Ligand code: CP
């Protein structure tokens with residue numbers, strides 16, 4: 104075939120890099136990610152985001168719903184001068200009439216970067232195996248299945264948010280993060296990030312709701328190098344001294360019977376309240392990847408966090424949500440730009456002339 108790909112990146116398979124899992128990065132690389140986000144966040148604040156995704160296309164495959172991930176990726180592509188395509192299960196054949204392998208080969212002939220949110224990490228892995236452009240894991244949700252679910256794009260935003268809210272010149276490496284409640288996909292990514300950076304991560308959960316074994320093993324290996332700490336306990340007193348407390352939904356994707364069971368396990372000990380934050384320390388902030396169940400949504404009761412905390416001065420969840428945009432800007436330049444081929448001026452003139460001449464002949 105004369106032209107191996109219609110994508111402007113025209114990557115050779117051997118040069119391909121994907122964004123699959125935070126554990127693929129070193130400490131230095133994670134600190135570089137934070138700096139890249141900071142540069143692009145500042146650029147956005149001055150309405151000066153460089154057009155470094157110009158002429159490029161982001162394919163966005165969502166097999167589950169999303170507010171933050173979708174809007175931040177789509178907005179980032181636009182701000183960077185590119186384009187994003189929203190591809191829900193209603194829009195494409197993936198998973199029904201077309202295989203992962205075929206969809207991957209087709210989309211990577213047309214898009215320059217592809218992000219995927221789906222149930223199984225192995226589907227993203229398979230997509231990457233067949234893709235000729237970078238693949239971004241926009242969350243795989245199977246933490247309760249084969250335990251490989253993770254949420255690395257969220258994790259970048261979480262790291263930036265923590266860095267921005269540290270006081271007294273504290274470095275992110277020195278920070279203590281407590282995840283209270285259910286250790287779901289965002290906690291998996293944070294376990295990798297904290298252990299690579301040398302942070303202290305405490306996962307305070309009822310028995311049976313902590314991190315999967317393979318994640319614990321990886322984090323412990325990382326901590327041997329970084330000096331970080333991973334503490335897993337069901338003792339809520341461990342929140343004392345935390346710089347940040349994060350909670351997660353325990354009811355997401357569950358039927359009513361399971362939610363009732365979980366409510367009885369998690370409540371009241373694993374609910375972030377104003378009193379719990381005060382107990383943790385005078386400067387402890389509350390984080391949540393959102394959506395939160397604080398008595399406002401599908402479930403009318405307050406679950407992992409109270410409305411009082413959500414509306415209070417220690418709540419930084421909306422800064423965290425906004426930082427999804429900083430993360431997506433960084434991801435698109437990191438994965439889209441290095442392989443971008445600038446069009447030659449003479450080529451642009453030549454093909455415009457040839458096309459217009461042909462149109463004259465036709466009409
Ligand atoms: N935190 C997060 O991933 O949000 P969405 O599900 O809205 O994308």
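In the working numbering, the protein residues as written are 104 to 466.
Here a beta-carbon is modelled for each residue, glycine too, at the ideal position from N, C-alpha and C.
Computed from a predicted model, the values in this text were never measured in an experiment.
Rounded to the nearest angstrom, the gap between the Cα atoms of residue 329 and residue 228 is 28 Å. Runs of beta strand (DSSP E) with 3 or more residues, each lying fully within the segment 134–200, are found at 160–165 and 186–190, listed in chain order. Ranked by how close their Cα comes to the Cα of residue 406, the residues 367, 444 and 224 have 367 in first place. Residue 421 sits in a helix when the DSSP states are folded into three classes. Assignment of residue 407 by DSSP, reduced to helix, strand and coil, places it in the coil class. Closest option to residue 165, judged by alpha-carbon separation, among 226, 380 and 205: 226.
At least one heavy atom of ligand 1 lies less than 8 Å from the C-beta of residue 257.
If you measure from each CB to the nearest heavy atom of ligand 1, the residues under 5 Å come out as 169, 170, 171, 172 and 392. By the neighbour-count definition (other C-beta atoms within 10 Å, threshold 16), residue 410 is an exposed residue.
About 6 Å separates the beta carbon of residue 120 from that of residue 237, a gap short enough to meet the 8 Å contact definition. Annotated three-state conformation of residue 336 is strand, per DSSP.
By the beta-carbon neighbour count (other beta carbons within 10 angstroms, threshold 16), residue 132 is exposed.
Taking each of 276, 283, 422 and 286 in turn and checking the Cα distance to residue 297, the smallest one comes out for 276. In the three-state DSSP reduction, residue 388 falls in the strand class (E or B).
Here residue 262 is buried. Its C-beta has 16 or more other C-beta atoms within 10 Å. For residue 439, same chain residues with a beta-carbon under 6 Å away, outside a window of 5 residues either side, are 156, 159, 215 and 216 in chain order.
Burial is judged here by how many other beta carbons sit within 10 angstroms of a residue's own beta carbon; residue 453 has fewer than 16 and is exposed.
Residue 362 places its beta carbon 9 Å or farther from that of residue 283. By a beta-carbon distance limit of 8 Å, residue 434 does not contact residue 170. Their separation comes to about 18 Å. The beta-bridge partner set that DSSP reports for residue 305 consists of 281 and 334. Residue 397 is bridged by DSSP to 405. In the DSSP assignment, residue 349 falls outside any alpha helix (DSSP H) and lies within the beta strand (DSSP E) extending over 347–350. Counting the other Cβ atoms within 10 Å of the Cβ of residue 202 gives fewer than 16, which makes it exposed.
Counting along the chain, the unbroken beta strand (DSSP E) around residue 241 starts and ends at 238–243. Excluding sequence positions up to five before and after residue 376, its CB lies within less than 7 Å of the CB of 409 and 412, all in the same chain and listed in chain order. Within a 10 Å sphere around the beta-carbon of residue 462 sit fewer than 16 other beta-carbons, which makes this residue exposed. For the pair residue 209 and residue 388, the Cα-to-Cα distance works out to about 45 Å. The three-state reading of DSSP puts residue 213 in coil, since its state is none of H, G, I, E or B.
Bridge partners of residue 220 according to DSSP: 165.
Looking at the DSSP output, residue 375 shares a beta bridge with 408. When C-alpha distances from residue 180 are compared across 154, 300 and 168, the shortest belongs to 154. Assignment of residue 271 by DSSP, reduced to helix, strand and coil, places it in the coil class. Taken atom to atom, the span from the alpha-carbon of residue 222 to that of residue 244 is near 5 Å. In this chain, the alpha helix (DSSP H) harbouring residue 452 covers 448–465.
In the three-state DSSP reduction, residue 126 falls in the helix class (H, G or I).
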